[in-house]
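So the sequences go chain by chain: A and B. If you want the numbering used here, it's the position in the first sequence, counting the first as 1, plus 27. If you want the numbering used here, it's the position in the second sequence, counting the first as 1, plus 32. Okay, structure first, notes after.
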Amino acid sequence: MSESKIAKLHEGLVQKEFSCKELTEEYIAAIEKDNEALNAYVTVTPETALKTAQQVDEKIAAGEEIALLEGIPMTLKDNISTSGIRTTCCSKILEDYMPIYDATVWDILRKQNAVLLGKTNMDEFAMGSSCENSCFGGAKNPHSLDHVAGGSSGGVASAVGGNIAVYGLGSDTGGSIRQPASFCGIVGMKPTYGAVSRYGLIAYASSLDQIGPITTSVEDTAMVFDAIAQYDAMDSTSQGRKGAPVCDSLKKDIRGMKIGIAKEYFEGVREDVRSSVEEAVKVYESLGAEIVHFELPSLSYALPVYYIIACAEASSNLGRYDGIRYGFKADQYRDVNDMVKKTRSQGFGDEVKRRILLGTYVLSAGYYDAYYKKAQNLRGKIIQDFKRVFEGCDVILAPTVPMTAFENGHAVSDPIETYQTDICTVPVNICGLPAVSVPCGFDGKGLPIGMQLIGNSFDEAKILNAAWQYEQTASPYRAAGFGVAR
Amino acid sequence: MVTKEEIMKIAILSKLSVGEDEIDQLTKDMGEIISFADTINQAADVESDFDNINNLSNVLREDEVVPSLEREQILKNAKDSDDGCFMVKNIMK
Chain A
28 MSESKIAKLH EGLVQKEFSC KELTEEYIAA IEKDNEALNA YVTVTPETAL KTAQQVDEKI
88 AAGEEIALLE GIPMTLKDNI STSGIRTTCC SKILEDYMPI YDATVWDILR KQNAVLLGKT
148 NMDEFAMGSS CENSCFGGAK NPHSLDHVAG GSSGGVASAV GGNIAVYGLG SDTGGSIRQP
208 ASFCGIVGMK PTYGAVSRYG LIAYASSLDQ IGPITTSVED TAMVFDAIAQ YDAMDSTSQG
268 RKGAPVCDSL KKDIRGMKIG IAKEYFEGVR EDVRSSVEEA VKVYESLGAE IVHFELPSLS
328 YALPVYYIIA CAEASSNLGR YDGIRYGFKA DQYRDVNDMV KKTRSQGFGD EVKRRILLGT
388 YVLSAGYYDA YYKKAQNLRG KIIQDFKRVF EGCDVILAPT VPMTAFENGH AVSDPIETYQ
448 TDICTVPVNI CGLPAVSVPC GFDGKGLPIG MQLIGNSFDE AKILNAAWQY EQTASPYRAA
508 GFGVAR
Chain B
33 MVTKEEIMKI AILSKLSVGE DEIDQLTKDM GEIISFADTI NQAADVESDF DNINNLSNVL
93 REDEVVPSLE REQILKNAKD SDDGCFMVKN IMK
């Protein structure tokens, strides 16, 4: 069972069991001790963190009330813009980029005196499933340093799983929050498209990207989501949270809740992962939920549809990196065109180049209809299929990843094989749905297994309610033996 | 099957340079990735009116003048700038 770390620390601060300075110093010391092994942080910001801690301590000393997230040490994935703090996307092309404005999510948290410990590792431009496409080298799994933390938000998952941050914000384009959360044995949620503002999130694929929390408990995910899910005029696709705060209904009884199972989600899933998720189905039955079986045949096309759409959007979004306005610039060149070409060729890593090339290919004259247009057509079909399913159930239960964490170096050697491992996570991005990954077991090597609860649009309250009930009954959360002991 | 010439053409459109030593491996990788993408063409065309997700609609507002980012701040991230402008090599002779 996993309890809310945020609530416990908040209580400790309010009751003056420890000061925010002491708490922050503990985390800074833990980063100094363990970050070399985990490689979770790419930039640490102890001065900013201590300055905020001092403000929080002053408020507490003055008898002022503090917000739930106030004074809690946390981290941000390095594609979330932080004014005056280096934001690299773990790419050489942005190695010295200093944002001059804050992403809306950071603006919200900064105003609540969230203690930012630093920025965390990721696959370059969020393109990858192992965090190894980072120009800083990959983040390691706190449950086994021979294995990856997952990707692309591997640094946040490694930091939170290794307790060198209480919580973090990642981004999820095709599973980049849920997959590393699953690999590191913690909780991660991709909210509904539009629930959380994307302003200041460095874009990969704009119709799929969404920022969300990575935490050690479902309650912490609910608390962070309630804080960041706000309408933002700076994001034209922003809608904010719909309905009451998700914390209000987190602990509701789930008797009679309809939990859907689609057999397609279990195809090609490793036996131990499958049986862990099937055990969770039994837990839900014991809690009085009703299990509903259905088919989702269009899932077989979800993966190529995802890669075509994501790469097409990336090829356009990454067109902005030209060496002129910000970031890396090649030294030697003949003319402007040559400068842009050399800057991009030297600044981007191999996986980013492959995705830009694929995206340009599927959008180019002669191929547009066969690839991009066809993928958009099938995207509509997949959305229709999910809509139909949600007429008969409240949430869908599925594995998060068909296996557990890869060994270091494995993902880089075969791109297509690695793409295939995103099969369970990409459908919700295609449809804009919310999904939360929660730990549901361990494999023979002691590596965590995760399952996800998928909801209809803006049904975060429902999936978190179902996730919390499971967690309290059966979740096998284990601390990984790194970081702060409390 | 994707050819070397196609990859070179796509690279030019993408503003990426591909070296002689990279082209064979890249053509092979891209061939595999494109045949993976091609599997969607096994699916029949469907009735689908996909336009956007979660029923988003255009957001209209008054065109008001509001403070924006400072020019000086913006130029700080540029490698070359002069007189409030970004600098590049001359484009026309």
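Beta carbons: idealized from backbone N, C-alpha and C, even for Gly. These numbers come from a predicted model, not from an experiment.
Rounded to the nearest angstrom, the gap between the Cα atoms of Ser179(A) and Lys125(B) is 45 Å. Spanning the alpha carbons of Leu326(A) and Ser80(B) requires a straight line of approximately 16 Å. Under the three-state reduction of DSSP output, His37(A) falls in the helix class. The residue from Tyr328(A), Met216(A) and Lys290(A) with its alpha-carbon nearest to that of Thr71(B) is Tyr328(A). As the crow flies, the alpha-carbon of Asp236(A) is around 8 Å from that of Asn456(A). Within the region 179-213 of chain A, the complete alpha helix (DSSP H) segments of 4 residues or longer fall at 181-188 and 205-210, listed in chain order. In the DSSP annotation of this structure, the continuous segment of the beta strand (DSSP E) that includes Ala425(A) starts and ends at Val422 to Pro426. In the DSSP secondary-structure assignment, Ile55(A) is not bridged to any residue. If you ignore the 5 residues before and after Leu277(A), its C-beta comes within less than 7 Å of the C-beta of Glu246, Ala249, Leu491, Asn492 and Trp495, all in its own chain and listed in chain order. Between Ala397(A) and chain B, the shortest Cβ-Cβ separation is below 8 Å. Counting the other Cβ atoms within 10 Å of the Cβ of Val98(B) gives fewer than 16, which makes it exposed. Residue environment analysis places Cys117(B) among the exposed positions, since fewer than 16 neighbouring C-beta atoms fall within 10 angstroms of its C-beta. Contact residues of the region 54-77 of chain B toward chain A are Asp61, Met62, Glu64, Ile65, Ile66, Phe68, Ala69, Thr71, Ile72, Asn73, Ala75 and Asp77 (C-beta to C-beta distance below 7 Å). At a Cβ-Cβ threshold of 8 Å, Gly267(A) and Ala256(A) count as neighbours. Against chain B, the beta carbon of Ser484(A) has neighbours under 7 Å at Asn86, listed in chain order.
Scanning its chain for C-beta atoms nearer than 8 Å, with the 5 sequence neighbours on each side dropped, one finds around Val50(B) the residues Ile39, Met40, Ala43 and Leu58, in chain order. Between the C-alpha atoms of Gly468(A) and Val308(A) there is a straight-line separation of about 13 Å.
For Val132(A), the uninterrupted alpha helix (DSSP H) run begins and ends at Thr131 to Lys138, by DSSP. Taking the C-beta atoms as reference points, Val223(A) is found no nearer than 8 Å to Lys146(A). Listed along chain B are Phe82, each with a C-beta nearer than 7 Å to that of Gln403(A). The secondary-structure analysis by DSSP pairs Asn168(A) across a beta bridge with Ser171(A). One thing to note: Thr109(A) has its Cβ no nearer than 8 Å to the Cβ of Val187(A). Burial check for Leu92(B): the Cβ neighbour count within 10 Å stays below 16, so the residue is exposed. Taken in chain order, the whole beta strand (DSSP E) runs of length 3 or more contained in the region 227-271 of chain A are 238-242. Straight across, the Cα-Cα distance linking Pro218(A) with Tyr497(A) is about 19 Å. Apart from sequence neighbours up to five positions away, the residues of its chain that approach Ser203(A) with a beta-carbon distance below 7 Å are Ala153, Gly178, Ser179, Ser180 and Gly197, ordered along the chain. When DSSP states are grouped into helix, strand and coil, Gly111(A) belongs to the coil group. Annotation for Cys467(A): the continuous beta strand (DSSP E) segment containing it runs Ala462 to Phe469.
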